[in-house]
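The block underneath contains the structure these notes are about, expressed in structure tokens.
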Amino acid sequence: MLSKQSEEFLTKLRVELLFRGKSEEQIDEIDEELRDHLTICEQQGKDVSDIIDTPVQDYANRFARHMPFANQLAKYMTYFILFMIAVFTIPDLFTKSFTLSVGYILNIFFIFFINVIVGLYVIKMLILKFGDKKRLYVLAFLTGFPIFGLMVLSTYLTEKFPIYNIVTLNQQQSIILGIVLLIAVMLACILLKQKVYALIILALCMPNIVACLFAKDNSQYIYISVIGLVILTFVFIAFNIYQFWKESRTNKSK
């Protein structure tokens, strides 16, 4: 069994190579070879510090030069980008009216940037720094607060300063377009064998759909949709806490 330091090194190396667009098959081969080598050395009492103390970026360079770029990461990132755009757009269509403005489009790009580009970069840096430690999960969770705050501020500024209104849809047009896009995205997720993402976008749209059906005015609509989002947030947090607790119990029993 590998030491904790060696396991962390292999985890960091895997993350570094994944972010460089290398295929999982190639990474698995390297991981298996290194794991066997480190295991044998540690069992024989040999010093492995010359490997695990090497900066992960430098060690990854030894393999990356001879590993072709895998288009799997680019493909998955394209799917993810399209899904995130749908997540930030479709729920807003289930409203009393929907206005597409220049500010709204810029807000989508900004939210996407801080969530995907900045978010992935921060996660990568945290993994490379802390490996698979509890501090990683705590810091990743805390990082979400300023990102969420920036999203709220950006959305508020968009409503105050739309810059230029491109098109305005009435409630009927907005809801019909929302239903069509929601069904299209869910079908695409199912066809790509990503049913979880289909459920995610449906869950995100449900508070606004319920608000559209039962709200009599804008204040009720906001009240119902906010309560729905809060409930979804608590369910999501509770689920993750349960998963973490379940995983901890499994690890302790081994």
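Under the working numbering, the sequence shown has 91 at position 94, and the numbering climbs by one with no breaks.
Glycine is no exception: its CB is placed at the ideal position from the N, C-alpha and C atoms.
Keep in mind it's a predicted model, so treat the numbers as computed, not measured.
| Using a Cβ-Cβ cut-off of 8 angstroms (strictly less than) and excluding sequence neighbours within five positions of residue 209, which residues of its own chain qualify? | These residues qualify, in order along the chain: 91, 92, 93, 168, 172, 218.
| request: Would you mind reading off the limits of the beta strand (DSSP E) that contains residue 97? | output: 95 to 98 is the span of the beta strand (DSSP E), which, as asked, contains residue 97.
| message | Tell me the rounded alpha-carbon separation between residue 181 and residue 47. | response | Each residue's alpha carbon lies about 52 angstroms from the other.
| request: Assess, as a yes-or-no matter, whether the region 150 to 170 is touched by the region 98 to 105 under the definition of 3 or more beta carbon pairs within less than 8 angstroms. | output: The region 98 to 105, when compared against the region 150 to 170, does touch it at the 8 angstroms Cβ threshold.
| request: Could you check the C-alpha separation between residue 4 and residue 29 for me, to the nearest Å? | output: Roughly 12 angstroms separates the two Cα atoms.
| request: Throw me the rounded Cβ distance for the residue 6 and residue 49 pair, which I believe falls under 8 angstroms. | output: Under the criterion of beta carbons closer than 8 angstroms, residue 6 and residue 49 qualify as touching, at roughly 4 angstroms.
| field | Extent of the continuous alpha helix (DSSP H) run through residue -1 | value | Per DSSP, residue -1 lies in no alpha helix (DSSP H) and is assigned neither H nor E.
| said: Here's the rule: buried if 16 or more other CB atoms are within 10 angstroms of the residue's CB, otherwise exposed. What is residue 204? | reply: Under the 10 Å beta carbon count, residue 204 is surrounded by 16 or more other beta carbons and is classified as buried.
| said: Buried or exposed, going by whether 16 or more other CB atoms sit within 10 Å of the CB of residue 194? | reply: Buried, because 16 or more other Cβ atoms sit within 10 Å of the Cβ of residue 194.
| message | Taking the beta strand (DSSP E) that residue 164 belongs to, which residues open and close that run? | response | Segment 162 to 166, the beta strand (DSSP E) holding residue 164.
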